Amino acid sequence: GENVEQHPSTLSVQEGDSAVIKCTYSDSASNYFPWYKQELGKRPQLIIDIRSNVGEKKDQRIAVTLNKTAKHFSLHITETQPEDSAVYFCAARIFGNEKLTFGTGTRLTIIP
Amino acid sequence: DAGVTQSPTHLIKTRGQQVTLRCSPKSGHDTVSWYQQALGQGPQFIFQYYEEEERQRGNFPDRFSGHQYPNYSSELNVNALLLGDSALYLCASSLAQGGPYNEQFFGPGTRLTVL
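Residue numbers (this note's numbering), protein chains in the order written: chain L, 1 to 112; chain W, 113 to 227.
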C-alpha cells in the first residue's frame, strides 16, 4: 500500500520568514496530494491540494510543488504569520482508491 | 449549510466495553470515511461507506465495524475496546460523483479514552 513520509516533525520560523515542509510517497499510482492544517483541538482543514498532472499550485501565501519522478511534494508558506502556527499534514491518494494516506505531521511554530 | 458533525465530543470507556460514534455528513454529500488519529500521529483510514455499504477498508481488525443510513449519516462501532483504541476518531464526508480529486471534509472528531 501507499506510504507517506513527512519532514520535519517540528519547525520553528521567525514571523515573516518562509516555511517549507516536505513529503515523499511510495506508490507511483498516487495522483492527488492534499495538505491539511490542524489547529489544536480542531478538525483538519484542507488548505491546498495538487493533482498529478500539475507541477506547482499557488494560493496567496501558500504554494505546493510536486515532483512525480522523485515522488515528493512540498508545502511552501511565505511571509509567515502567528496564525500559521498549527500541525500540517500531507496526504496522498491512489487513483481509483478512496482512502487518504497521511504523513505523520509537522508542528509549525511561528515566533513573533 | 451545516458542515460535518460528530457526536459525542468526548467519551470515556473501560477495556472490553463497546462504543458507537456518530457522524452526519456535509449537506449534499453521500460518502462517509472514518479515520483514527492517535496522539501525535496522522489520521489512519478505517473504512468508507457509500450507498449503505462498506466500500473500502483500511488495516483495522473486525472489532471495528460501521453502518450508513439512508440519510447518509454513519456510525462507527468498536467492540472489545483496548487501551490502544484511545484516539481522536474523525469522520470525513465527500461526494461520490465529485471525481478522483474530490475533497474530503472532516468533522471535529470524537475523543475516545479507554481506561
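Idealized CB from N, CA, C, for every residue including glycine.
Predicted model only: the values in this text are computed from it and were never measured.
message: At the level of alpha carbons, what is the spacing between residue 216/W and residue 170/W?
response: Position 104 of the second sequence, counted from the start, is the residue given in the question as residue 216/W. Position 58 of the second sequence, counted from the start, is the residue given in the question as residue 170/W. Going by the C-alpha atoms only, they are around 16 Å apart.
task: For my contact list, residue 94/L and residue 5/L are in at a C-beta cut-off of 8 Å; report their separation, rounded to the angstrom.
output: The residue you call residue 94/L lines up with position 94 of the first sequence. The residue you call residue 5/L lines up with position 5 of the first sequence. Rounded, the Cβ-Cβ distance is 16 Å, inconsistent with contact.
- prompt: Sorted by chain position, which residues of the same chain lie with C-beta nearer than 7 Å to residue 19/L's C-beta, five sequence neighbours on each side aside?
  reply: Counting from 1 along the first sequence, the entry for residue 19/L is found at position 19. Excluding residues within five positions, the ones whose Cβ falls inside 7 Å are 11, 13, 77, 80 and 108.
field: Cβ-Cβ separation, residue 207/W to residue 214/W (assumed contact under 8 Å), whole Å
entry: Within the second sequence, numbered from 1, the residue matching residue 214/W stands at position 102. Within the second sequence, numbered from 1, the residue matching residue 207/W stands at position 95. With 8 Å as the limit, residue 214/W and residue 207/W qualify as a contact, their Cβ atoms being about 6 Å apart.
- prompt: What residue does the beta strand (DSSP E) around residue 141/W start on, and which one ends it?
  reply: Locating residue 141/W in the second sequence gives position 29, counting from the first residue. Boundaries cannot be given for residue 141/W, as no beta strand (DSSP E) includes it and DSSP labels it neither H nor E.
field: residue 34/L, enclosing beta strand (DSSP E) - first and last residue
entry: Working through the first sequence from its first residue, we reach residue 34/L at position 34. Counting along the chain, the beta strand (DSSP E) containing residue 34/L begins and ends at 30-38.
message: What residue range does the beta strand (DSSP E) around residue 189/W cover?
response: As a working mapping, residue 189/W is identified with position 77 in the second sequence. For residue 189/W, the enclosing beta strand (DSSP E) covers residues 186-190.
Whole-number beta carbon distance between residue 43/L and residue 210/W, since they are thought to touch under 8 Å: The sequence position of residue 210/W within the second sequence is 98, counting from 1. The sequence position of residue 43/L within the first sequence is 43, counting from 1. Rounded, the Cβ-Cβ distance is 19 Å, inconsistent with contact.
task: Determine, using beta carbons only, whether residue 198/W and residue 150/W come nearer to each other than 9 Å.
output: Counted from its first residue, the second sequence places residue 198/W at position 86. Counted from its first residue, the second sequence places residue 150/W at position 38. Yes, these two residues count as a Cβ contact at 9 Å.
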